[in-house]
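Reading through the C-alpha cells given below for one structure.
Protein chains: 2
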Amino acid sequence: MALEFAILGFLSREAMTGYDLKTRCFDDAAGHLWTADQAQIYRTLEKLSTRGLVRSRLVPQRGRPDRRLYSITERGRTALSAWLREPEPPSQVRDPFLLHLFLSPDLPDDEITSLLSGAREEYQRRLEHLRGPAREELDKWARQTGRIRDAELRRMTLSAGAAAARSAIDWVDDCIDRVRSGLPAPDPGGVSRVPTRG
Amino acid sequence: MALEFAILGFLSREAMTGYDLKTRCFDDAAGHLWTADQAQIYRTLEKLSTRGLVRSRLVPQRGRPDRRLYSITERGRTALSAWLREPEPPSQVRDPFLLHLFLSPDLPDDEITSLLSGAREEYQRRLEHLRGPAREELDKWARQTGRIRDAELRRMTLSAGAAAARSAIDWVDDCIDRVRSGLPAPDPGGVSRVPTRG
DNA sequence: AACGAGTATAGGACAAGTCCTATAAAAAAC
DNA sequence: GTTTTTTATAGGACTTGTCCTATACTCGTT
Numbered sequence: 000m001a002l003e004f005a006i007l008g009f010l011s012r013e014a015m016t017g018y019d020l021k022t023r024c025f026d027d028a029a030g031h032l033w034t035a036d037q038a039q040i041y042r043t044l045e046k047l048s049t050r051g052l053v054r055s056r057l058v059p060q061r062g063r064p065d066r067r068l069y070s071i072t073e074r075g076r077t078a079l080s081a082w083l084r085e086p087e088p089p090s091q092v093r094d095p096f097l098l099h100l101f102l103s104p105d106l107p108d109d110e111i112t113s114l115l116s117g118a119r120e121e122y123q124r125r126l127e128h129l130r131g132p133a134r135e136e137l138d139k140w141a142r143q144t145g146r147i148r149d150a151e152l153r154r155m156t157l158s159a160g161a162a163a164a165r166s167a168i169d170w171v172d173d174c175i176d177r178v179r180s181g182l183p184a185p186d187p188g189g190v191s192r193v194p195t196r197g
Numbered sequence: 000m001a002l003e004f005a006i007l008g009f010l011s012r013e014a015m016t017g018y019d020l021k022t023r024c025f026d027d028a029a030g031h032l033w034t035a036d037q038a039q040i041y042r043t044l045e046k047l048s049t050r051g052l053v054r055s056r057l058v059p060q061r062g063r064p065d066r067r068l069y070s071i072t073e074r075g076r077t078a079l080s081a082w083l084r085e086p087e088p089p090s091q092v093r094d095p096f097l098l099h100l101f102l103s104p105d106l107p108d109d110e111i112t113s114l115l116s117g118a119r120e121e122y123q124r125r126l127e128h129l130r131g132p133a134r135e136e137l138d139k140w141a142r143q144t145g146r147i148r149d150a151e152l153r154r155m156t157l158s159a160g161a162a163a164a165r166s167a168i169d170w171v172d173d174c175i176d177r178v179r180s181g182l183p184a185p186d187p188g189g190v191s192r193v194p195t196r197g
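So the sequences go chain by chain: A and B. Here numbering that gives the first Met the number 0 is used: the first residue of the first sequence is 0, the next is one more, and so on. Here numbering that gives the first Met the number 0 is used: the first residue of the second sequence is 0, the next is one more, and so on.
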C-alpha cells in the first residue's frame with residue numbers, strides 16, 4: 000500500500016526509472032523513513048502500470064541497458080491525491096530491540112548494559128547522520144530544485160527522526176543508570192540454568 | 000525470527016497455550032512493543048515444535064476445545080539464550096505516517112495541520128496508556144508473580160515507548176507551529192491540478 | 001590485465017505478517 | 001430469550017518484504 004503511493008508521490012514530481020527511484024528516492028531522499036527493496040520497486044511499478052496509474056516508455060541507451068522511464072498518469076495523480084487526503088494514524092510500534100530487552104532479564108547486568116550501549120551508539124550515529132549529511136543533502140536539493148515547500152516537509156520528517164533519536168539516547172542513558180544503580184536480582188525459574196558464556 | 004524468540008521467551012517463564020500467548024503475552028504484556036497475529040502464533044508454535052525447541056501436550060477439557068499446552072525444551076532454552084546474547088541493533092525506521100507527511104506538500108496548509116493534529120491525538124492516547132493502565136497492569140503483575148527483575152526490564156520498555164510518544168508530541172507541536180507561521184507556497188509541478196475536495 | 005563499482009532490469013524462492021473462515025460450547029450481556 | 005463474548009485451535013489465501021541470481025556494458029582502481 001504505502002510503497003505504491005510513495006512511488007506515485009516521487010513520480011508526481013519527475014519521470015524516473017526504477018533505478019532512480021531506488022537510489023535517489025528511497026536510498027537517499029527518504030531512506031530515513033522508508034526503505035524499499037529493488038526487486039519490490041520494479042514489481043510495484045509493474046503492478047501500477049497494469050492498473051493504469053503509471054505508464055512507461057523505453058529510452059534506448061548505448062553500452063548499458065535501456066532505461067524504462069516511468070511517469071504518473073492522470074489516474075495516478077487522482078489516486079495519489081485521494082490517498083494523501085486520508086488520515087494516516089501513527090503506526091503500531093514493532094521494535095525488535097525493545098523486544099530483545101524485554102526478554103533479557105536472565106542476562107547478567109553487564110550484558111544488559113552492553114546491549115544498551117550498543118543501541119546508544121546506533122542512535123547516536125543516526126542522530127548525527129540526520130543533523131549532518133542528511134540535512135545538508137536536503138538543503139542542497141532544495142537549492143537545486145527550488146522546491147522549497149517540498150523541502151520544508153522533508154525537513155520536518157528529518158527532525159522527527161532526530162527528535163526520536165535524541166529521546167532514545169536519553170532513555171538509554173537513563174536505563175544504563177538504572178542498571179548501574181542496581182537491578183533486582185534474577186527472578187527464579189528463568190532461562191539461566193544454561194551454562195553461562197565461556 | 001523475532002516472533003520465535005518472543006514465544007520462547009514467554010514459554011521460558013511458564014507453559015502456555017497459543018491462546019494464552021496471544022491474549023496475555025502479545026496483547027497485554029508486550030502489546031506496546033510487538034504484536035502478533037493469532038494465526039501466526041499457532042503456526043510458529045508448530046514450527047518450533049518440529050524443530051524440537053518446544054513440546055506440547057493436550058490437556059482435555061469439557062465443554063470447550065482441548066488446550067494444547069506448550070512448554071520450552073532444553074534445546075529451546077539454549078537457542079533462546081544464544082539469541083539473547085547476540086546484539087540487537089535498533090531496527091531501521093519504517094514509518095507510514097512520516098512517509099505520508101513527506102509526500103504531502105501538495106496538500107493545503109490546513110490539511111497538513113489536521114494530519115498533524117490527528118497524529119498528536121494518537122501519540123497522546125499512547126502516552127496516557129503507557130503511563131496509566133499499562134504501567135498499573137505491570138505493577139500488578141510484578142506483585143502477583145514476584146518477578147521483580149522481569150518487571151524492571153518491562154518497565155524500561157514502557158518508558159521507552161513513553162519517551163518516544165512524548166518526543167513525538169513535542170515534534171508535532173513544533174510542526175504545527177511551523178505550518179501556522181507560514182509554510183512556503185506550493186511548489187510548481189505538483190499533484191494539485193486534481194480538483195480539490197468538495 | 002583483472003577486479004570491483006556503477007548503471008539498469010527482472011525473475012525465483014522464501015519469510016513474515018494480515019485477514020478471513022470454520023468449529024464448538026459455555027457464560028455473560030442485552 | 002437471543003445475541004455477543006470468551007475460550008480454544010487451525011487452515012487458506014494473500015500481501016509485503018528480503019535475498020539471491022542473471023544479464024551486460026562502462027569506468028576507475030590496483
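Note that CB positions come from ideal geometry on N, CA and C, so glycine has one too.
- Rounded to whole angstroms, the Cβ separation of B:Leu157 and B:His31 is 7 Å, and the two are in contact under 8 Å.
- Residue range Arg66 to Ile71 is occupied by the beta strand (DSSP E) that includes A:Ser70.
- The region 62 to 78 of chain B and the region 112 to 131 of chain A do not touch, with fewer than three beta-carbon pairs separated by less than 8 Å.
- For A:Ser158, the enclosing alpha helix (DSSP H) has its first and last residue at Ile147 to Arg179.
- Residues of chain B with a Cβ closer than 9 Å to the Cβ of A:Trp140 do not exist; the shortest Cβ-Cβ separation is about 12 Å.
- A:Leu106 sits close to B:Arg84, with the two beta carbons spaced by under 9 Å.
- DSSP places B:Leu114 in the helix class (H, G or I) of the three-state scheme.
- By the Cβ-count criterion, B:Gly8 is buried, with 16 or more other Cβ atoms from all chains shown falling within 10 Å of its own Cβ.
- Fewer than three pairs of CB atoms, one per stretch, sit closer than 8 Å, so the region 119 to 129 of chain B makes no contact with the region 164 to 175 of chain A.
- A distance below 7 Å between beta-carbons, with the five flanking residues on each side excluded, links B:Cys24 to the following residues of its chain, in chain order: Phe9.
- Here A:Glu151 is near B:Pro104, since their CB atoms are less than 9 Å apart.
- Counted as a single uninterrupted DSSP element, the stretch harbouring A:Leu106 is not any alpha helix (DSSP H), since DSSP gives it neither H nor E.
- Think of a sphere of 8 Å around the beta carbon of B:Tyr122: the chain A residues whose beta carbon falls inside it are Pro89, in chain order.
- Contacts with chain B at 9 Å (Cβ-Cβ) include A:Leu83.
- In the pairwise beta carbon analysis, the region 89 to 100 of chain A is classified as not touching the region 127 to 134 of chain B: fewer than three pairs are separated by under 8 Å.
- Per DSSP, the beta bridge partners of A:Leu57 are A:Arg67.
- Chain B has no Cβ within less than 9 Å of the Cβ of A:Thr72.
- The continuous alpha helix (DSSP H) containing B:Gly8 extends over residues Ala1 to Leu10.
- According to the DSSP assignment, B:Trp140 belongs to the alpha helix (DSSP H) that extends over Arg134 to Thr144.
- Boundaries cannot be given for B:Leu32, as no alpha helix (DSSP H) includes it and DSSP labels it neither H nor E.
- Between B:Glu135 and chain A, the shortest Cβ-Cβ separation is not below 9 Å.
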